[in-house]
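Accompanying notes for the structure given below.
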Amino acid sequence: MAATDLVGIAVTTIILGSIYGLVAIGMTLIYGTLRILDMSQGSMVMVGSFVGWGILVVAGLNPVIAIAAAFAATFVLGVLTQLVSVQPLMKRRNAIDFEMVTFITTFAVAMILTNVALELLGPQQRNVTPVISGGVNIYHGVNLPYQSMAMAIVSIALMAGLGIFLARTRWGMAIRAVAQDLDAARLMGVPVGKLYPLTMGLASALAGIAGVFLGGLYFAYPQAGDLPLLEALIVVIFGGLGSLPGTVYAAYAIGLIQATAEVLVGTTWSLPILYGVILLVLIIRPYGLLGKPSEARL
Amino acid sequence: MSALPNKAEPTPAPPAVMRSAVTLPAFPDMTPARWTVTSALVALAAGIPLVMTNQYALSVMVTTLILLVLNISWNFVLGVAGVWNFGQLAIYALGGYGAGIIMLHTTVSPWLAVLAGGVVGTLAAVLLAFPTLRLYGIYTSLLTFAFAVVIQYVIVNDGSGLTGGTFGLPIVKGLYSSLSLAASARAYYWTALAVVVASTIVLAAVGHSRLGIALRGVRDAPAYAAARGVSPMRYRVIAFAVSGFLAGIAGGLYVSYNQSISPSAMGLTPMSIDVTMLVIGGLGTATGPIIGTILLAIVQTSLVSHPGAELTILGIFLLVVVVFVPDGLAGLAARYWRRISAWAAEDDQSGEAAGPGEAAEIPEGSPDPNVA
Numbered sequence: 000m001a002a003t004d005l006v007g008i009a010v011t012t013i014i015l016g017s018i019y020g021l022v023a024i025g026m027t028l029i030y031g032t033l034r035i036l037d038m039s040q041g042s043m044v045m046v047g048s049f050v051g052w053g054i055l056v057v058a059g060l061n062p063v064i065a066i067a068a069a070f071a072a073t074f075v076l077g078v079l080t081q082l083v084s085v086q087p088l089m090k091r092r093n094a095i096d097f098e099m100v101t102f103i104t105t106f107a108v109a110m111i112l113t114n115v116a117l118e119l120l121g122p123q124q125r126n127v128t129p130v131i132s133g134g135v136n137i138y139h140g141v142n143l144p145y146q147s148m149a150m151a152i153v154s155i156a157l158m159a160g161l162g163i164f165l166a167r168t169r170w171g172m173a174i175r176a177v178a179q180d181l182d183a184a185r186l187m188g189v190p191v192g193k194l195y196p197l198t199m200g201l202a203s204a205l206a207g208i209a210g211v212f213l214g215g216l217y218f219a220y221p222q223a224g225d226l227p228l229l230e231a232l233i234v235v236i237f238g239g240l241g242s243l244p245g246t247v248y249a250a251y252a253i254g255l256i257q258a259t260a261e262v263l264v265g266t267t268w269s270l271p272i273l274y275g276v277i278l279l280v281l282i283i284r285p286y287g288l289l290g291k292p293s294e295a296r297l
Numbered sequence: 000m001s002a003l004p005n006k007a008e009p010t011p012a013p014p015a016v017m018r019s020a021v022t023l024p025a026f027p028d029m030t031p032a033r034w035t036v037t038s039a040l041v042a043l044a045a046g047i048p049l050v051m052t053n054q055y056a057l058s059v060m061v062t063t064l065i066l067l068v069l070n071i072s073w074n075f076v077l078g079v080a081g082v083w084n085f086g087q088l089a090i091y092a093l094g095g096y097g098a099g100i101i102m103l104h105t106t107v108s109p110w111l112a113v114l115a116g117g118v119v120g121t122l123a124a125v126l127l128a129f130p131t132l133r134l135y136g137i138y139t140s141l142l143t144f145a146f147a148v149v150i151q152y153v154i155v156n157d158g159s160g161l162t163g164g165t166f167g168l169p170i171v172k173g174l175y176s177s178l179s180l181a182a183s184a185r186a187y188y189w190t191a192l193a194v195v196v197a198s199t200i201v202l203a204a205v206g207h208s209r210l211g212i213a214l215r216g217v218r219d220a221p222a223y224a225a226a227r228g229v230s231p232m233r234y235r236v237i238a239f240a241v242s243g244f245l246a247g248i249a250g251g252l253y254v255s256y257n258q259s260i261s262p263s264a265m266g267l268t269p270m271s272i273d274v275t276m277l278v279i280g281g282l283g284t285a286t287g288p289i290i291g292t293i294l295l296a297i298v299q300t301s302l303v304s305h306p307g308a309e310l311t312i313l314g315i316f317l318l319v320v321v322v323f324v325p326d327g328l329a330g331l332a333a334r335y336w337r338r339i340s341a342w343a344a345e346d347d348q349s350g351e352a353a354g355p356g357e358a359a360e361i362p363e364g365s366p367d368p369n370v371a
C-alpha cells in the first residue's frame, strides 16, 4: 500500500465518520431518551438536502441561511413526528412490543415523507450547490474538497456542541436524567412531556444539517435518506444502542472499514465487507461496542 | 422416591408421560359453525376464476395470493415467534431464484423446482438464524435487514450471469407453460389458493401445538421460558426454518407465475408494503395476514391511477392502525365478536352463560398486562 493510499484512507475515514456520526448521534440520543429506534431520521436528511437545494439553488441565498433553515425545518418536523407517531404510544412504553411498534410508526412517517416529497418534487436528482466550492491537494493526488472539509468540521463541532449541551445545560441534564431513570427524573420535576418532542426535534435537526452537506456531495432526491439511514443504523447498533461515546467511536470505525475496503477491493464490495465485519462484531458482542444488554436495563 | 428410579432405565422419562397426559386441541377457536363459514369462504374464493372474465383482475388476484403465502410465512416468524426478521424478502427471493434457475437450466418437473425453492428458503433461513441467536429485538432486525441488503447487492452485482444481475432471470417455463394464458392464470390461482389454505391450516395447528406455545412463550417472556426449559435458540431456528420453507415456496410460485424474477422483488418498497399488510391485519394472528393482504391489495389496485399517492396513503393507514388499533384488524374483529357473543349469551340464558369463560377474558380495551 502506497503512502497516497494511507493518506486517502485517513482523509476518507474522517469525512465518512463525521457524516455518519452526525446522523447516528441523533438516533442514539432518541434511543437513549425514548427507547425507540427512529426510522424517520433518514427522511430528515432528505428534507435537509431539499431545504438546502431550495435556499441555495432556487432562492440563491447564503449557505449559513440554508443551514439555519434546514435546522429549523427539520426541528419542527421532528417535533411533529414525535407528537404524531410516538407520543400517542408513550402510555404503552413498558409493553414488550413498544420498540417494535414505534419502529413501525416512525417507519410509516418515513414512508409518508419520502412519498410526499416524491409527489411534490418529483423523482429527479437535484444538484445542490456545494456550501463551499473548490478543494485543496493535500498530498500527491489526494484531493480534499472544501465541502468535505467543512462537513467534517461542522459535524465535529455539532457533536462537540451536543456533548456540551448535554453535559452543561439544564435541558441537556434533563435529557440525560430521563435516559438514566425516567421515574426519578419525573420526581425531580423534569418536564418529561416537553422533553420528548424536544429530543426528537434536536436529533432530527442534526440529521437535517447533515442533509444540507450530503445534498452538496451527492444530490437532493426523495430517496436521499435511505442510504444515510442504513449507515446510521449500522453505526448505532455497532456502537451499542443508547451510548453516545460508542456511537462516535463506531462512526469513525465504520468510516475506517469502508475507506479501507474501498481502497483495497473497490467500491463494489465495500458494503458487503462492511456487513461482514458488523456480523462478526454482533456475534462476538451482541450489544455492540459500548451497549448494555437489554436485560440489564429491566 | 418417585423422581429417582429412572436413572437406570432408558424407558420413557417422566416428561414424556406428562406430554401425553395433556392433549392440545389443534383448533380450539374453531366451532362447527366457524368451520362451515370458513369452508364456504374458501369455496367462494375457489369459484372466483370460474366467473371472472377480466384477465387483469385475475392476474392481480394471483399476485395477491402469492404475496399472501409470503406474508403468512413472515407472520409466523415475526408475529408468532416474535423474531424481528426483516430478511424474509431475501429468503423469498432466494427461493425464487433457486426455483427459477432450476427451471431454466434443467428439465426436471417445475413442481420439483418450486419445492426446491422451499428447500433453498429453509437453508437460507437457518443460515440466517444462527448469527441472530444471541441477539434480541432491534439488533436482530438490523442483522437480518443487512442480510437482505447484501443478498440484493450480490445479485445485482453478479457478473457470472447466473442471476442476470439487475434485469433478473430470462423467461423461465413455469408450472403451467403448456396451458393457454387464461387457463394458466386460473390454474395458478387455484394452486396459490391451495397453498394459502394449506399453510394457514398447518400454521394455525402449529400455533396451538406445543411448538407454537413454546414460540409465544419465548416471544413474550424469554427469560421465563428459558427458565422453564424452553430453549429460545432451538425454537428460533425452528421458527426460521418453517417460515423459510414457506417463503421459498412463495418465491417459487412467484418466479413460475411471472416467468421471471429480478432483484426488485426484494427491495425496500415491497418490504414496506408487506409490513403494512401484516401490521394492519394483525401480527401474530392466523387471520391477520389474510385480512391485511387482501384489504391492502384492494386499496393498491384502486389507487393504481395515482401511483405516487399509494405509499403515502399506506403510511397513513399504518400509522393510524398502530396507534388506534394496536392488535390490527383481526384483533379488532375478535374483540367485537367476543362482545357480540357475550351479549348474545347474556340474552339467551341470563346470568349463567357469561360465567367463568368470559370472566377469564381480559377486559375490553384494557392495555397490555405488562404496563406498570
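Chains as they are written, first to last, in numbering that gives the first Met the number 0: chain A, 0 to 297; chain B, 0 to 371. Ideal placement from N, C-alpha and C gives every residue a C-beta, glycine not left out.
Rounded to whole angstroms, how far is the Cβ of residue i from the Cβ of residue j, which I believe are closer than 8 Å?
i	j	result
A:F102	A:L36	5 Å
A:V50	A:V211	7 Å
A:G287	A:G238	5 Å
B:G330	B:T284	7 Å
A:V247	A:M148	Not a contact, Cβ separation roughly 19 Å.
A:Y30	A:G254	A:Y30 to A:G254, Cβ: 21 Å. No contact.
Checking contacts by CB at 8 Å: is residue i closer than that to chain B?
i	result
A:T27	no
A:I131	no
A:Y217	no
A:Y115	Inspection of the sequence shows that residue 115 of chain A is occupied by Val rather than by Tyr. Chain B, which has a Cβ nearer than 8 Å to the Cβ of A:V115, makes this yes.
A:Y274	yes
A:T198	no
A:D225	yes
A:Y19	no
A:M48	Per the sequence shown, residue 48 of chain A should be read as Ser rather than Met. Not an interface residue.
A:M43	no
As a quick exercise: from the options, pick the residue whose alpha carbon is nearest that of residue i.
i	options	result
B:V274	B:A115, B:L88, B:G116	B:L88
A:I233	A:V44, A:L278, A:S154	A:L278
A:V313	A:A23, A:I14, A:G192	Only positions 0 to 297 of chain A appear in this structure, which leaves residue 313 of chain A out of reach.
B:F146	A:G275, A:N142, A:A2, A:T12	A:G275
A:V100	A:R34, A:V130, A:N142, A:T113	A:R34
A:A219	A:V6, A:I155, A:A94, A:V46	A:V46
B:S255	B:S159, B:W110, B:L40, B:T106	B:W110
B:D326	A:D96, A:T113, A:P221, A:K193	A:D96
B:V76	B:T139, B:R227, B:L57, B:Y152	B:T139
B:S38	B:A193, B:R133, B:N53, B:G97	B:A193
B:L69	B:M265, B:R235, B:F26, B:V319	B:M265
B:G247	B:A115, B:L23, B:L67	B:A115
B:A181	B:N53, B:L134, B:N257, B:P27	B:N53
A:T11	A:R284, A:W268, A:Y251	A:Y251
B:V164	B:G287, B:Y96, B:L43	Just to set this straight, residue 164 of chain B is Gly in the shown sequence, not Val. When each option's Cα is compared against that of B:G164, the closest is B:Y96.
Looking only at its chain, what residues have a beta carbon closer than 6 Å to the beta carbon of residue i, apart from the 5 residues adjacent to it on each side?
i	result
A:M43	T73, S203, A206, G207
B:G167	S259, I260, S261
A:I137	L143
B:L282	G78
B:V324	L331
A:P227	V22, G41, V44
Leaving out five residues on either side along the sequence, give the residues of the same chain with a beta carbon under 7 Å from the beta carbon of residue i.
i	result
B:Y300	Note that residue 300 of chain B is Thr in the sequence shown, not Tyr. For B:T300, where only same-chain residues beyond five positions count, the Cβ hits under 7 Å are V59.
B:A123	I90, L93, G243
B:R218	A80, G81
A:G7	V141, V262
Say whether chain A places a C-beta atom closer than 8 Å to the C-beta of residue i.
i	result
B:S301	no
B:L214	no
B:G350	Any answer about B:G350 is weak, because its pLDDT of 48 lies below 50 and its placement is not dependable; what the coordinates show is given next. It does not: the Cβ of B:G350 has no partner Cβ on chain A nearer than 8 Å.
B:N156	yes
B:T284	no
B:Y335	no
B:G251	no
B:M232	no
Enumerate in chain order the residues of its own chain whose CB-to-CB distance from residue i is below 8 Å, with the five nearest sequence positions on each side excluded.
i	result
A:V56	R125, N126, V127, T128
B:V113	A98, L174, I248, G251, L252, S255
query: Got a sec: which bits of the region 96-130 of chain B sit with their beta carbon under 7 Å from any beta carbon on chain A, in order along the chain?
result: P130
task: Determine which residues of the region 249-267 of chain A have a Cβ less than 9 Å from any Cβ of chain B, and write them out in chain order.
output: T267
- prompt: Can you list, in chain order, the residues of the region 133-156 of chain B whose Cβ is nearer than 9 Å to any Cβ on chain A?
  reply: R133, L134, Y135, G136, I137, Y138, S140, L141, L142, F144, A145, F146, V148, V149, Y152, V153, N156
Where the region 140-168 of chain A meets chain B: residues whose CB sits under 8 Å from a CB there: none
- request: Can you give me, in chain order, the residues of the region 74-91 of chain A that have a beta carbon less than 9 Å from any beta carbon in chain B?
  value: V83, S84, P87, L88, K90, R91
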